[in-house]
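**Q** Protein chains in written order, with my numbering: chain A, 1 to 431; chain B, 1001 to 1431.
A virtual CB, placed ideally from N, CA and C, is assigned to each residue, including glycine.
Computed from a predicted structure; not experimentally measured.
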């Protein structure tokens, strides 16, 4: 993509109501624009980041055997009245009357609707286990929306729902998702910490939340240092769940199973939550199947959420400096920036275009900055939007047979010979 | 994907309120499930079709230089009051009061919001032209939602908006989109017919609608037969717009510029609509830029819509028979079905799995039907869901060194030698 053909309206100053760094940086980098309180438009660069994150979430759901579908945003109130949650949700639920006066709502979550879909098709244990997910916009009418996309009212969530014949099978599904979650966050370059959690209004008695480490995080976490060194190839959920981890108000120094020297304390941000709630919804919404003996029994269910739009903010909280965002490669809107410092110089243009077409043809998501503007603005914009790998092409460097290579994550630059650029960059990207 | 691991709840009978064939087939093929009047959940197979269609729409927008972004579903009423359309829309607009009593709405279209975004960033002619699009769920509270996803209340639409410095430039943008639309529909194996249209509540004086041909279509079209033979490589919008085409109530035999023998009459379904409306919204919402002389002038705008979820229905109306759907290859949820008639036979299994892993590793979206069920059900399910290319593997055929190859579009089968299967199928898919 050529920079001048892409709409990245970077701005000098973040608005005064932007309290946290990710909110400020997303506005300054031209990723989002607020349209109403807690409701944002995703500008092209923001959408690209959102889609990369969404895609990793999707792939790990698919790898774990879940099937993607899509439920609508607007639901009838009927099922919520049946489940008993229509009143529970209070003012956080956006309630709507349609033109015929029917009570509708903008779904804040989907236990009711998915249970209804399941029960209308599945009648036998032979069709289990089932695991269905969707990635859809939700609405929660927060009293005080803030922190940009971290606590918006309209937000993108991946939620899925498992259906099993027994508690034992359901816990197996739960553990599969647990593992998929750890993998998902590791692939984004994050450090996930899993914690036993309260189940709240969803119900049930088994639940974990997933936090990721970020110095600017909202919670303080106490956890076994082993949780920082997970090997994505060898994840054992039972083992993982046995490590100590607690948020500050649950942490008890005298009742902590881990040695002091192995205990770490860091700030974290919640990005996922999983629940096993047994037959709470299947009983109320009539999701019964025949078991091996021909007996009708309610299915055992779990639900699993990842805040996809929240992750964009969380990733920035975990990866930034005073210049801007430092995207991990796997979720960067652009993997590579080619910064042409002299777009009116023929040598600079020829070399830049050669690299641009080379990397594009190698399926590297490349931003070619060919704008006619000051060198300072070019360098600072590319650092602000946080492209992890940058090639900076200047007239003097070219005459000396080199270009500048910048690793944005490490904030380190070095000169490399022009004939080695393609190889070095491809190696760096694939490392 | 293995059939037994994918949730395709085919059903015998369509509900009695399903009046048209696409609605019936989508329910029978387990693609959608109604949750409320005019509101559907997209089951995994339906979502796969929707995403393939969406991706073609996206690619042709990108090819035409438009930038993808994403506006929210819930908007404040403020901008609509400014534009004067808040009252125009009447009961079709889903109006909502949030917890603080602010008037909100579920966006039925986005002229207001995009104009507001544009004006807050763009101030000079130097940044023009701009073309921004999004693919987002819309809501129109129809009095009588029907015809499945063809006239739903919650529906997926691609809408984009062009911004230009003059009427001439704006018409250039309009023509680019015109061409992109023709290409989009041709890539889906459809025959698009473009017609001059009324602008309606959007405003302006230049507009075209795009219909696609389908025997079961809702409108009757009269048009120059040349429109059926477009070459996607050589599309000239000005030329295309000069061909005669009219819907029945506009067609006038005595005032028709095309010779009787060149006039075709067919049924059609509307799938897209484009508008040039000049400065209607930019004046009201203050989207002014400085021109070459430093003078502030309102930008010239156009808007362009494609009914993405409607296209799923339209494609089925255009491609089906008494057995079910006949997906064109480019939009088929699965390109290839491998139908193993004898999953308890080792030879059948070994051969099926060999083909399955071969085609999957060649990035062919393959459905491997390894279900334990009757041969009749297998064959009819794969025809119902409409996989365009099918390999049917039976015990007797294998002993004879052949498998059956079925072209679902032509409904023709033939035996091919097992050693030629890979080559023949890949050629067929890439043809």
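Residue 137/A to residue 384/A, Cα distance in whole Å?
**A** Those two C-alpha atoms are separated by around 28 Å.
**Q** Given that a residue counts as buried once 16 or more other Cβ atoms are within 10 Å of its Cβ, and exposed if not, what is residue 366/A?
**A** Buried.
**Q** Anyone know if the C-beta pair for residue 124/A and residue 289/A falls short of 8 Å?
**A** Their beta carbons are under 8 Å apart, which means residue 124/A touches residue 289/A by this criterion.
**Q** Check each candidate in 177/A, 264/A, 99/A and name the one with the smallest Cα separation from residue 161/A.
**A** Selected option, being the one with the closest Cα: 177/A.
**Q** Quick one: residues in its chain with C-beta nearer than 6 Å to the C-beta of residue 1187/B, no 5 flanking neighbours on either side, listed in chain order?
**A** Around residue 1187/B: 1056, 1330.
**Q** Taking 7 Å as the limit between beta carbons, can you name the residues of its chain near residue 1025/B, skipping five residues before and five after?
**A** The answer, listed in chain order, is 1316, 1320, 1324, 1325.
**Q** Within 10 angstroms of its Cβ, does residue 1015/B collect 16 or more other Cβ (buried), or is it exposed?
**A** The residue in question, residue 1015/B, is exposed, as its Cβ has fewer than 16 Cβ neighbours within 10 Å.
**Q** Going by beta carbon distance, what residues of the same chain come within less than 6 Å of residue 1266/B, once the five residues before and after it are set aside?
**A** 1213, 1221.
**Q** Which chain A residues are close to residue 1031/B, counting only those with a beta carbon under 8 Å from its beta carbon?
**A** Result: empty, since nearest Cβ-Cβ is about 10 Å, beyond 8 Å.
**Q** Is residue 130/A close to chain B, meaning its C-beta is less than 8 Å from at least one C-beta of that chain?
**A** Chain B contact via Cβ: present.
**Q** State buried or exposed for residue 1445/B, treating a residue as buried only when at least 16 other CB atoms are found within 10 Å of its CB.
**A** Here chain B has residues from 1001 to 1431 only, and residue 1445/B is not among them.
**Q** Could you have a look at residue 44/A and say whether DSSP puts it in helix, strand or coil?
**A** Here residue 44/A sits in helix by DSSP.
**Q** If you measure from the beta carbon of residue 442/A to each beta carbon in chain B, is any gap under 8 Å?
**A** This structure cannot settle anything about residue 442/A, because the visible part of chain A is limited to 1 through 431.
**Q** Quick one: list the residues of chain B neighbouring residue 65/A, beta-carbon separation under 9 Å, in chain order.
**A** Going along chain B in sequence order, the residues near residue 65/A (Cβ under 9 Å) are 1005.
**Q** I'd like to know whether the C-beta atoms of residue 86/A and residue 77/A end up nearer to each other than 8 Å.
**A** Yes, the Cβ-Cβ distance between residue 86/A and residue 77/A is below 8 Å.
**Q** Under 8 Å between beta-carbons, which chain B residues line up against residue 74/A? List them in chain order, please.
**A** Here the neighbours are 1036, 1039, 1094, 1106, 1139, 1153, 1154.
**Q** Let's test the definition: count the other Cβ atoms within 10 Å of the Cβ of residue 83/A and tell me whether it reaches 16, buried, or not, exposed.
**A** Under this definition residue 83/A is a buried residue.
**Q** Are at least three pairs of beta-carbons, each pair with one atom in the segment 1348-1362 of chain B and one in the segment 1250-1264 of chain B, less than 8 Å apart?
**A** In short, these stretches do not touch, since the Cβ pair count stays below three.
**Q** Give the DSSP-derived three-state secondary structure of residue 322/A in the structure shown.
**A** Coil at residue 322/A, not helix or strand.
**Q** Establish whether the CB of residue 117/A and some CB of chain B are separated by less than 8 Å.
**A** Output row for residue 117/A: interface = yes.
**Q** Determine whether the Cβ of residue 121/A lies closer than 8 Å to any Cβ atom of chain B.
**A** Yes, because at least one Cβ of chain B sits closer than 8 Å to the Cβ of residue 121/A.
**Q** By the 10 Å Cβ neighbour count, where 16 or more other Cβ atoms means buried, how is residue 1183/B classified, buried or exposed?
**A** By the 10 Å Cβ count, residue 1183/B comes out buried.
**Q** Return the chain-ordered ranges of every beta strand (DSSP E) run that is complete within the segment 1021-1078 of chain B and spans a minimum of 3 residues.
**A** Taking only runs of at least 3 residues, the beta strand (DSSP E) segments lying wholly in the segment 1021-1078 of chain B are 1032-1036, 1039-1042, 1074-1076.
**Q** On the premise that residue 7/A lies in contact with residue 1239/B, defined as a C-beta separation below 8 Å, what is that separation, rounded to the nearest angstrom?
**A** At roughly 31 Å, the Cβ-Cβ gap does not stay under 8 Å, so residue 1239/B and residue 7/A are not in contact.
**Q** Quick one: is residue 1069/B near chain A, going by C-beta distance under 8 Å?
**A** True, the Cβ-Cβ gap to chain A drops below 8 Å.
**Q** Is the CB of residue 1098/B under 8 Å away from at least one CB in chain A?
**A** Output row for residue 1098/B: interface = yes.
**Q** For a test of the three-state rule: what should DSSP assign to residue 1327/B, helix, strand or coil?
**A** Residue 1327/B: coil per DSSP, three-state reduction.
**Q** Between which two residues does the alpha helix (DSSP H) carrying residue 180/A extend?
**A** Looking at the DSSP string, the run of the alpha helix (DSSP H) that includes residue 180/A is 167-187.
**Q** Here's the rule I'm using: 16 or more other beta-carbon atoms within 10 Å means buried, otherwise exposed. How should residue 346/A be labelled?
**A** With fewer than 16 Cβ atoms within 10 Å of its Cβ, residue 346/A is classed as exposed.
**Q** Examine chain A for any beta-carbon lying closer than 8 Å to the beta-carbon of residue 1042/B, and answer yes or no.
**A** True, the Cβ-Cβ gap to chain A drops below 8 Å.
**Q** Taking only runs of the beta strand (DSSP E) that begin and end inside the segment 260-285 of chain A, which ones reach a length of at least 3 residues, in chain order?
**A** Qualifying beta strand (DSSP E) stretches, in chain order: 263-278.
**Q** In its own chain, which residues sit with a C-beta less than 8 Å from the C-beta of residue 1389/B, not counting the 5 before and 5 after it?
**A** 1329, 1335, 1336, 1337, 1405, 1406, 1407, 1408, 1425, 1428, 1429.
**Q** Could you check if residue 1200/B is buried or exposed, using at least 16 other CB atoms within 10 Å of its CB as the buried criterion?
**A** Exposed.
**Q** Look at the alpha carbon of residue 1102/B and the alpha carbon of residue 1247/B, and state the distance between them as a whole number of angstroms.
**A** One C-alpha to the other measures close to 43 Å.
**Q** Does the distance from the C-beta atom of residue 149/A to that of residue 309/A stay below 8 Å?
**A** Cβ distance < 8 Å, so residue 149/A and residue 309/A count as in contact.
**Q** DSSP state of residue 110/A, grouped into three classes?
**A** In the structure shown, residue 110/A sits in coil (DSSP, three-state: anything other than H, G, I, E or B).
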